[in-house]
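Undergrad: Numbering (my numbering), first residue to last: 2 to 493.
For each residue, glycine too, the CB sits at the ideal point set by N, CA and C.
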RNA sequence: CGGGAUGUAGCGUAGCCCGGUUAUCGCGCCUGGUUUGGGACCAGGAGGUCGCAAGUUCGAAUCUUGCCAUCCCGACCA
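As structure tokens, then:
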């Protein structure tokens, strides 16, 4: 990524949007702040979804589906949750349109079709799900409930940004109910680990696991755990959250169970989610000026084979060999495409697949056939090599692993170089302006100080890292005593 | 929702201040041909409710008002 882009948010935004649009991932739709996810972008999401879903099932969860509409009375049951989301809810008030007598060919809302009770389009599903769980839970034998749903949600944000904050977005939300606090806490951390492992292993994006401060906590949660990632412009991005909900929703919806001892107890809850925002994270963490960079493990397309020919005769020969290589790669489970589209020239295809971030490109021409070799280029390092066709499938399979590692290591190095311990206020401000990144600093633990720092610098406490080292120090702003450092950053 | 900017073909744009023939240019698209080892070239062609609505005017892309959308800065937020 070029210096001009990293240094200014506005340019970065343009660069980012270009990649999303030219790279074929998504567009804004005609609906305010909503996006159209194009086939290539959706294929990426499907790969991410499949991997996550597999992990959810391995950890004992099952999928289900709950309604899009939440009656307002249910929505307001958990007070803090309702308050937290109230300002960004789309609300259904009517159920019918009719012809507008004053404007021919136009429709109007039929005032006689006003709903008795408004329906909130879910910004999150705790309310509708806990209202359902109430009926499902009577005895300790009914617990735990470990359910996930893949769905869309709507949050009417003031400002939208493709993938990072769209009015409608796709996500998964897990909602679990447990007999004990301990079990719920274990679940919360377990799912955070599932997220962290997936994002690091598959998306090649290093994350910091931590706990949110009170002010950054999910509305209605007792504790919010999160994974925080660092983007190439030095801004942080919350990549996933796992909430310990305590008994807040159980009490709001009166969900009690009978213990073995025949006593009524409220159940304990968790919820956790990741969204299409992860695609935004992927773009901003790995892309360069040539375009996107897909980590092989989730790349919609891992290898593209491009024929180089003059005239139909040579094409027939090259087709045969390219198809052979493609089948060899497929046999090893590699996602490969033979791009024999005759309408585009090789140079155009090279650029196109670079833009889309395909990890490995193989070019094959008559010259190569004579020597029994292919030209192979990796997207991450741009390194070009000529390799033998014998055993090419095995070579490529290893190379894909290598690329996955390389992308992760590069991001990890960048991330680690951009976590800085800071002990005085001037340096704190200077670093935020000049370099960004995470700043590890002491904080007196009060909401007032956190708020003041946000006001002065736009930096927020991203998280208190798990297993944080305890150390005596003084608050970066107030110089009050502190027992540990926390991570500050400007964030998306 | 407050401040600023923008909206003209699929994309990027000129024209707007100072109203006046058929709305400019590039990319892309279509047809034919030549091409094909890093985003080809030549020739011909198609494509427009100038964001939407109302107003001023003989006449509106251009002036006025309202609305909508996008981007940036705030507030809000995954």
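Are residue 206 and residue 49 close, meaning C-beta to C-beta below 8 Å?
TA: no
Undergrad: Once DSSP output is grouped into helix, strand and coil, what is the label at residue 471?
TA: Residue state, collapsed to three classes: strand.
Undergrad: Taking just the CA atoms, how far does residue 353 sit from residue 190?
TA: 41 Å
Undergrad: With burial defined as no fewer than 16 other Cβ atoms inside 10 Å of the residue's Cβ, what is the status of residue 405: buried or exposed?
TA: buried
Undergrad: Helix or strand or just coil, what does DSSP make of residue 143?
TA: In the three-state scheme derived from DSSP, where H, G and I count as helix and E and B as strand, residue 143 is classed as helix.
Undergrad: Please state if the CB of residue 229 and the CB of residue 208 are separated by a distance shorter than 8 Å.
TA: yes
Undergrad: Nearest to residue 316 by alpha carbon, out of 116, 81 and 339?
TA: 339
Undergrad: Closest by CA to residue 141, which one among 132, 268 and 468?
TA: Selected option, being the one with the closest Cα: 268.
Undergrad: How about the stretch 70-80 and the stretch 122-134: do they share at least three Cβ pairs that are nearer than 8 Å?
TA: Touching, per the Cβ criterion.
Undergrad: Could you compute how far the alpha carbon of residue 111 sits from the alpha carbon of residue 119?
TA: Each residue's alpha carbon lies about 15 Å from the other.
Undergrad: With DSSP as the reference, label residue 465 as helix, strand or coil.
TA: Of the three classes helix, strand and coil, the one that applies to residue 465 here is strand, per DSSP.
Undergrad: Cutting at 7 Å between CB atoms, please list the residues of its own chain near residue 397, excluding the five before and the five after it.
TA: 304, 330, 335 and 361
Undergrad: Can you round the beta-carbon distance between residue 444 and residue 464 to whole angstroms, since I take them to be within the 8 Å contact cut?
TA: That pair is no contact at about 12 Å.
Undergrad: Please return the same chain residues whose Cβ sits closer than 6 Å to the Cβ of residue 298, not counting the five positions on each side in sequence.
TA: 203 and 405
Undergrad: Under 8 Å between the Cβ atoms of residue 274 and residue 174?
TA: Yes, they are a contact pair.
Undergrad: What's the gap between the Cα of residue 348 and the Cα of residue 403?
TA: 26 Å
Undergrad: Note down, in chain order, each residue of its chain lying with its Cβ closer than 7 Å to the Cβ of residue 479, except the 5 sequence neighbours on either side.
TA: 445 and 450
Undergrad: Sorted by chain position, which residues of the same chain lie with C-beta nearer than 7 Å to residue 98's C-beta, five sequence neighbours on each side aside?
TA: 108, 109, 110 and 111
Undergrad: Between the Cα of residue 469 and the Cα atoms of 456, 355, 486 and 291, which residue gives the shortest distance?
TA: Answer by Cα proximity: 486.
Undergrad: So residue 210 is in the beta strand (DSSP E); what residue range does that whole segment cover?
TA: 209-212
Undergrad: I need the straight-line Cα distance from residue 45 to residue 489, nearest angstrom please.
TA: 31 Å
Undergrad: Below 8 Å on the Cβ atoms is my guess for residue 379 versus residue 365; work out the distance and round it to an integer in Å.
TA: Incorrect: roughly 16 Å between the Cβ atoms, too far for contact.
Undergrad: Alpha carbon to alpha carbon, what distance is there between residue 471 and residue 423?
TA: One C-alpha to the other measures close to 16 Å.
Undergrad: Can you find the residues in the same chain that come closer than 7 Å, C-beta to C-beta, to residue 60, ignoring five residues on each side of it along the sequence?
TA: 191 and 195
Undergrad: I need the boundaries of the beta strand (DSSP E) containing residue 324, first residue and last residue.
TA: Not the beta strand (DSSP E): residue 324 falls in the alpha helix (DSSP H), residues 312-332.
Undergrad: Taking all protein chains shown into account, decide if residue 392 is buried (16 or more other Cβ within 10 angstroms of its Cβ) or exposed.
TA: exposed
Undergrad: For my contact list, residue 359 and residue 300 are in at a C-beta cut-off of 8 Å; report their separation, rounded to the angstrom.
TA: 7 Å
Undergrad: Tell me the start and end of each unbroken alpha helix (DSSP H) in the stretch 231-264 that is at least 4 residues and wholly inside, in chain order.
TA: 249-253
Undergrad: To the nearest whole angstrom, what separates the beta carbons of residue 238 and residue 66, a pair I think is in contact under 8 Å?
TA: Wrong, their Cβ atoms sit about 28 Å apart, outside the cutoff.
Undergrad: Identify, in the order they occur along the chain, each residue of the same chain with its Cβ nearer than 7 Å to the Cβ of residue 416, setting aside the five sequence neighbours on each side.
TA: For residue 416, the CB contacts under 7 Å within the same chain, skipping 5 residues up- and downstream, are 207 and 231 in chain order.
Undergrad: Can residue 177 and residue 130 be called in contact, C-beta distance under 8 Å?
TA: no
Undergrad: Out of curiosity, what's the CA-to-CA distance linking residue 318 and residue 289?
TA: 36 Å
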